[in-house]
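Here's the structure we're looking at; comments come further down.
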Amino acid sequence: MLISTALVLLMTPALGFFYAGLVRSKSSLNTLMMSVGSLGVVGLAWPLLGYSLAFGAGTPGIGGFDHVVLRGVGLEAKGSVPHLLFMAYQGTFAIVTAALISGAIVERVRFVPYLLFITLWSLLVYAPVAHWVWGGGWLSTLGALDFAGGTVVHISAGTAAVVAAVMLGARKDYARQALLPHSVPFTVLGSGLLWFGWFGFNGGSALAANGQAVLAFVNTMFAPAAALTVWIVLDVVRMGKATAVGLATAIVVGLVAITPAAGFVAPVSGIAIGALAAIPSYFGVLWRARTRLDDSLDVVAAHGLGGIVGALLTGVLAQRSWGSPVDGLLFGNPSQLMIQAVAVVVVIAFAAAGTAAILFSLGMIAPIRVAVAEEGIGLDVTQHGEEAYARGEGAVLVLPAGRGPSAHAAR
Amino acid sequence: MLISTALVLLMTPALGFFYAGLVRSKSSLNTLMMSVGSLGVVGLAWPLLGYSLAFGAGTPGIGGFDHVVLRGVGLEAKGSVPHLLFMAYQGTFAIVTAALISGAIVERVRFVPYLLFITLWSLLVYAPVAHWVWGGGWLSTLGALDFAGGTVVHISAGTAAVVAAVMLGARKDYARQALLPHSVPFTVLGSGLLWFGWFGFNGGSALAANGQAVLAFVNTMFAPAAALTVWIVLDVVRMGKATAVGLATAIVVGLVAITPAAGFVAPVSGIAIGALAAIPSYFGVLWRARTRLDDSLDVVAAHGLGGIVGALLTGVLAQRSWGSPVDGLLFGNPSQLMIQAVAVVVVIAFAAAGTAAILFSLGMIAPIRVAVAEEGIGLDVTQHGEEAYARGEGAVLVLPAGRGPSAHAAR
Amino acid sequence: MLISTALVLLMTPALGFFYAGLVRSKSSLNTLMMSVGSLGVVGLAWPLLGYSLAFGAGTPGIGGFDHVVLRGVGLEAKGSVPHLLFMAYQGTFAIVTAALISGAIVERVRFVPYLLFITLWSLLVYAPVAHWVWGGGWLSTLGALDFAGGTVVHISAGTAAVVAAVMLGARKDYARQALLPHSVPFTVLGSGLLWFGWFGFNGGSALAANGQAVLAFVNTMFAPAAALTVWIVLDVVRMGKATAVGLATAIVVGLVAITPAAGFVAPVSGIAIGALAAIPSYFGVLWRARTRLDDSLDVVAAHGLGGIVGALLTGVLAQRSWGSPVDGLLFGNPSQLMIQAVAVVVVIAFAAAGTAAILFSLGMIAPIRVAVAEEGIGLDVTQHGEEAYARGEGAVLVLPAGRGPSAHAAR
Amino acid sequence: MKMVVAIVRPERLTAVLEALFQADVRGLTISHVQGHGGEIEHVETYRGTTVKMELSEKIRLEIGVSNHFVEPTIAAILSSARTGEVGDGKIFVVPVERIYRIRTGERDQSAVTPVATTESPDS
Amino acid sequence: MKMVVAIVRPERLTAVLEALFQADVRGLTISHVQGHGGEIEHVETYRGTTVKMELSEKIRLEIGVSNHFVEPTIAAILSSARTGEVGDGKIFVVPVERIYRIRTGERDQSAVTPVATTESPDS
Amino acid sequence: MKMVVAIVRPERLTAVLEALFQADVRGLTISHVQGHGGEIEHVETYRGTTVKMELSEKIRLEIGVSNHFVEPTIAAILSSARTGEVGDGKIFVVPVERIYRIRTGERDQSAVTPVATTESPDS
Ligand SMILES: Nc1ncnc2c1ncn2[C@@H]1O[C@H](COP(=O)(O)OP(=O)(O)O)[C@@H](O)[C@H]1O
Ligand SMILES: Nc1ncnc2c1ncn2[C@@H]1O[C@H](COP(=O)(O)OP(=O)(O)O)[C@@H](O)[C@H]1O
Ligand SMILES: Nc1ncnc2c1ncn2[C@@H]1O[C@H](COP(=O)(O)OP(=O)(O)O)[C@@H](O)[C@H]1O
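First to last, the protein sequences are chains R, E, L, B, A and S. Throughout the first sequence, residue numbering follows my numbering, covering 691 to 1101 in sequence. Throughout the second sequence, residue numbering follows my numbering, covering 691 to 1101 in sequence. Throughout the third sequence, residue numbering follows my numbering, covering 691 to 1101 in sequence. Throughout the fourth sequence, residue numbering follows my numbering, covering 433 to 555 in sequence. Throughout the fifth sequence, residue numbering follows my numbering, covering 433 to 555 in sequence. Throughout the sixth sequence, residue numbering follows my numbering, covering 433 to 555 in sequence.
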């Protein structure tokens, strides 16, 4: 469990690299910091408030305030793990989920409003949904299956992504100029580290190193392998060439799709889920690029679609003989698929409404988008006063304000 | 075990970065994908067929078909770990072994034939050899010691590398132009992550967190440290300068050499193995560059030579008092060295024949090498339609085929 | 424990990337190798001698020679872990501590003298201090609290950093030209991997997967999150912009500060330590840049100040109810703060004297700094004969010495 | 014959290329440069170090043309590269004595004439 | 009008820029280039491959000036870029026929004159 | 004196340098550029985005020579850079009015003459 938590924490910088490689160099630091920043603000909001809202005792709709500022969260066991560790593990999920959204709105958002947005989102959208599914809320009562966060993490983030992309509008150059990835190796690095971290994400969700963890682990290994292979085939059939960005995307899609199912389906079903999920996401990516929706890094296609397919296939392929609490459609229980569909639809609706409300309110207080001219210069310089790869020509040292002439002369 | 498996999985992208840093920028994505692609195709072929060929019940020469498509591979224990996990763990070895070969044939191979090659190789060469040594085959009966894959992984890959490099021929610019590493930091990053992952490779091979795992782990830490130090000394003596590429190489050589011995030799012997193995590989690298053999990234010198030295020194230094099933030459059992030598020779012969047969057959169906002009342009653009570091100048958006004028006007 | 050791080992390459990203491209490999080289030389010196000096039976001041060359270090338990593993785990600390110093003296030191320096330093400074605090020496008798190395690792390295920076002098361009980070993404990558590895550093220091490990782990997660958030606030207040280099620095500062306290303070106190520690380090970084002290990568501000703040706050916030052996000031035991202060002062004094003595002696034998002209060209070419990002134009192959005309003609 | 050298903003490059192609200018070479002019400097901060960036990214175009192509080339660049803000760049026209096409060894006029086009030799 | 093209050492760039600004030369464009001259080659080794590096990093400055600015510009560069070691670089002066300021379309003299300055039209 | 500016394929650079050195041309400066000419465009795809790449990588050489060196320089480039495929590049010859060697302040002829060589002053 300890190591699973560390692995999931690593996913957030990994995501930062996955995303940062895909944007233009002039906004790459900003994109990276949209993920890393989540480690700060959501990482702080979670123990202070978010955990309590998600896992505190409360109503079926939301937790309470009994664990605010970690009150009553100690080393005593909660289920099979110490309560404190459970809280930390769940915190890593909150952090990475908030960071996922950033992919839809890169290269155009002011940094501080963005941080406020994801902080609020983690409290007002993520925490309730986590409560519904894992915190004893109404979706868990209903019997929705979500092993490691297909609905809570990926569908909610995917929905927030599309809402945010629509509300904030496209980048000024979108569909006008070619916006190319500045460093595909970083994207591949990110996907490799994401895969590695995802073993903690799925494997750790059994909350013990037992048979279910093994199953989740093995599914987390072979589903992306299947997605990868299918994606290569689709690429080769369509263009005669397999792309590296495609491979990296396929890994993520396979991981997303297996997430809700990892501990509930047979390994062969896991392979099938990975293979099947590649198809809608593949065409989703193609289709999105023809629209005006500047979901810049295809969060919707990868996490939204991948999450939905995974959640529904969980309802089809879950097997009690492999540790699932209920069987899926294929094993004689068609109602489970209905329950899954309900969960998907409700989470989409709630996340969409919540995201829109937060963005709208924030927008009342301060502009969320940067000025058009700043977009042209790039967000690294305008938002952070830095360049990702500075060469230092023409850079003139500014003497710090406090350094008087005497201090200078002393040199 | 779970975490060991994740660590070994991480080795494949790590290898990709180790290799990609060493090639020219214009083929760096291709080189990276030669490793990552193995995660897809070999990662899929293994559960479907490879595992059964390697570890299914069968003859001393090869396993059977009883575990095809994971039939009969469940959560029941196989030795001390669940069968499913054992299968996954072994799968990560198959994936990385196939990827190792790519280093010998970078910058000149068509991607799809390459994927076919490594898939077939993992089934027809790797699986039998794994069966011989670990799957109850004849080499294990003979008593050959190979803790974590010195012969199975490194010697077989090293042999395949030299055969493939000879059969496919050198890059057109080889020995004509200087072909320099485009990003040494990536190579160092790769070697750092490889070392990290190798703890799973060697440490996990005890299949339990016991004393042997500790020994293997500690040897995996200090043998590369010794190799590193010796390499620096050799570099400084020869040129007055220690090189970063050399350091990264030394780490890999130390890791390779300790692999077959990790759980069988005393820590001091482990240090000795690391230190000794650096020497032949160091001069192997120098010697190779003077030949016409374009084993581009020195797979033979690092994995082939390192693996042979390690396998033989295992026969010299193995100690029953440190958990080895038999003693080595130095501890009064000279016959073990003979057995090790037999294993080395047989694996080389088999891997060479198998690799040649696969490449020859594939070559009948389709050309494996790219055209000379494509080599000049670089494999990233010609094989994948991508650049690693695109800047976007002069890139003109092509409207997707399906976007009619109306859709466009609507914008 | 096994995995914790692997995690800490990963910290050294991670540190290399953290540092290498911050220097100019022309010395980036050198900076990276200053860390990776430590894995070689300190990694070898530790089992041969350092471990014995630190943890061998001896006087309160230093260990003895009974474990030289790992004599008597086997698989028997030492406390709760096998002795061999304990030795390896401690070795990873020695390696990373020595590497930390390099940040203060980048871009101006000859590589081989540097390696000698850190080797001697690990034996003559690190080993005694580790003995005092963890090896049964006088500081542990006194009752100084240092969970995972605030004084041993960070204060000693920070002190060595300032002494080395003063003795070796500033880079020739320091405070004359703008010396900018050549790759901020590498720095962020390094900080992400450092955080990941630090879970092994702090989490593993409980030497078991028990409640204390959980506590240490959770503190290692939220203290940096708090430091990150505070740093963002400070940046925004001062400049209106949050910087990526700042974020990466904040993560390290938070990690450093929580290190001595991780297993001894309540999670809420951990958050407070992270938040409080950000402030002196933030202003320390600003202040240092106005001085003539070219502690190039702010080892003093991050590790020295962070370590001191952490060590003192441990004396304030330690709580027996959270597993600390004694309470801190806030919980009714003011004397602990005194003890902490004594430990801090003594370690600073000893490390300063030891570092100065080693550097002075080495300087008698050979120059430690490179020539001014070499500094201009960059250390990668002059020290290592390599470039980090070679493009290969104008590179003319030199035929290897031994290749006679006949061999050439044969081609 | 002349060499038209233009310094333009990177974000206008696509428009400039389009305009040039429409003016039938099809041979050109570009490079990344950094320029200093009347632009507002921006400030960057790396830890304690604050720097003023005196140079901004520009693209340099180098276009060898025969004489009667000079005007259309300049007109195309002027109209497509302009934003009206300080920093739009400059155009320089430099005399050229000879031009060779390396592939064929052709000289001057024919060296800069795309194969498909014909034009009066008036350089 | 002239184009002054200078190849200088990267480490002298800051000094050169300062000298130019003091000489009231405020418009210029630089680029990264690699040069070969009398410099000592250095050797690099990557595993078994040893290479001689024939080119060293330089900065190229391109400065369009009106005629009476040529001398001060050259003087500023000569004094600020010199180290006395082989490899200091060269200055070339190339004739320019026309100059345009893209932002305004202004031509020649006024195109290279910063708005605030006035000077006699003598190009 | 002249400035010979050549645009060549990156993969021919080694050959071009060799040819120039053999022709006793030892001072030169190169840079990375991207060119558009008659070359076939290639297509790249990043997820749903397909782009046509209109520019291909080239190397630009800039060689200041005294007059009697112009012909050998051009001959060396023409012969060594040619592949015969479209995209081999161009050579431009531009007049130069003055040349300075920064290290010594020497001017014109002697500024481009390597120390060891002597030649008749005929620029
Ligand atoms: N005299 C010059 N020589 C060479 N390049 C120049 C010159 N003046 C300006 N430039 C280039 O043109 C760019 C814009 O020039 P600037 O004077 O700022 O804008 P504007 O032309 O709009 O007044 C500069 O960044 C520089 O690259
Ligand atoms: N004839 C030339 N044409 C273009 N650039 C040149 C020429 N000669 C020298 N250079 C440039 O000047 C730099 C220094 O020249 P070099 O002759 O080595 O030094 P010095 O001028 O001190 O004798 C070279 O690296 C090259 O970039
Ligand atoms: N008129 C021109 N001005 C500047 N550069 C040119 C011009 N024409 C071609 N080039 C450069 O030469 C390269 C090759 O030119 P192209 O016309 O395609 O080949 P070829 O000379 O073989 O017909 C181009 O990529 C470009 O860099």
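Even for Gly, the Cβ is constructed at its ideal location relative to N, Cα and C.
Among the residues facing chain S, alanine 508(B) is not included, as its CB has no counterpart in that chain under 8 Å away.
When C-alpha distances from glycine 470(S) are compared across Asp540(S), Ser498(S) and Gly519(S), the shortest belongs to Gly519(S). At a Cβ-Cβ threshold of 8 Å, glutamate 486(A) and glycine 1084(L) count as neighbours. Within the segment 1005–1091 of chain E, the runs of alpha helix (DSSP H) that reach at least 4 residues and sit entirely inside it are, in chain order, 1024–1055 and 1062–1067. Inclusion of glycine 769(L) and histidine 757(L) in the CB contact set at 8 Å is not warranted, their separation being larger than that value.
In this structure, the C-beta of serine 498(B) stays at least 7 Å away from each heavy atom of ligand 3. Against chain A, the beta carbon of arginine 514(B) has neighbours under 9 Å at Ile534, Arg535, Thr536 and Gly537, listed in chain order. Residues are counted here when their Cβ sits less than 9 Å from a Cβ of chain R; for the segment 445–470 of chain A these are Leu445, Thr446, Leu449, Glu450, Ile462 and His464, given in chain order. Using a CB distance below 7 Å, no part of the segment 817–837 of chain E faces chain L. The three-state secondary structure of histidine 993(E), taken from DSSP, is helix. Between alanine 1063(E) and arginine 982(E), the gap from beta carbon to beta carbon reaches 8 Å or more. Assignment of lysine 716(E) by DSSP, reduced to helix, strand and coil, places it in the helix class.
Annotation: Cβ neighbours of glutamate 1077(R) in chain B (cutoff 9 Å, chain order): Glu476 and Met485. Distances from the CA of arginine 798(E) to each of Ala899(E), Asp863(E) and Leu743(E) were compared; the closest alpha carbon is that of Asp863(E). Boundaries of the alpha helix (DSSP H) around valine 786(R): 773–791.
By DSSP's assignment, glutamine 466(B) forms a beta bridge with Glu489(B) and Ile462(A). Between the alpha carbons of lysine 484(S) and alanine 868(R) lies a gap of roughly 9 Å. Nearest to isoleucine 948(L) by alpha-carbon distance, out of Thr1004(L), Gly887(L), Ser728(L) and Ala1078(L), is Thr1004(L). In this structure, valine 852(L) places its C-beta atom within 8 Å of the C-beta atom of glycine 994(L).
Residue state for histidine 821(E) is assigned as helix, using DSSP reduced to three classes. Residue environment: serine 1025(R) is assigned as exposed (fewer than 16 neighbouring CB atoms within 10 Å of its CB, all protein chains considered).
Annotation for glutamate 766(E): Pro772 and His773 place their beta carbon closer than 8 Å to its own, counting only its chain and skipping 5 residues before and after. DSSP places glutamate 538(A) in the coil class of the three-state scheme, outside both helix and strand. It is roughly 34 Å from the alpha-carbon of threonine 482(B) to the alpha-carbon of leucine 699(L). In this structure, the straight-line span from the alpha carbon of serine 895(R) to that of glycine 840(R) is close to 12 Å. Contact between isoleucine 462(A) and isoleucine 491(A) holds: CB atoms are separated by about 6 Å, below the 8 Å threshold. In the DSSP assignment, alanine 854(L) falls within the unbroken alpha helix (DSSP H) covering 846–858. A Cβ of chain A is located within less than 8 Å of the beta carbon of glutamate 1083(L). 8 Å or more divides the Cβ of valine 436(A) from the Cβ of valine 528(S). Residues Pro803 of the same chain have their beta carbon placed closer than 7 Å to that of alanine 1056(L), with the five preceding and five following residues left out of the count. Three or more Cβ pairs closer than 8 Å define a contact, and the segment 906–916 of chain R meets that threshold against the segment 956–974 of chain R. Within chain A, the residues placing a beta-carbon under 7 Å from that of alanine 543(S) are Lys522, ordered along the chain.
Residue state for arginine 441(A) is assigned as coil, using DSSP reduced to three classes. Note: glycine 748(R) is bridge-paired with Gly753(R) in the DSSP secondary-structure output. As DSSP reads the structure, arginine 530(S) sits in a beta bridge with Val525(A). Under the 10 Å beta carbon count, aspartate 456(A) is surrounded by fewer than 16 other beta carbons and is classified as exposed.
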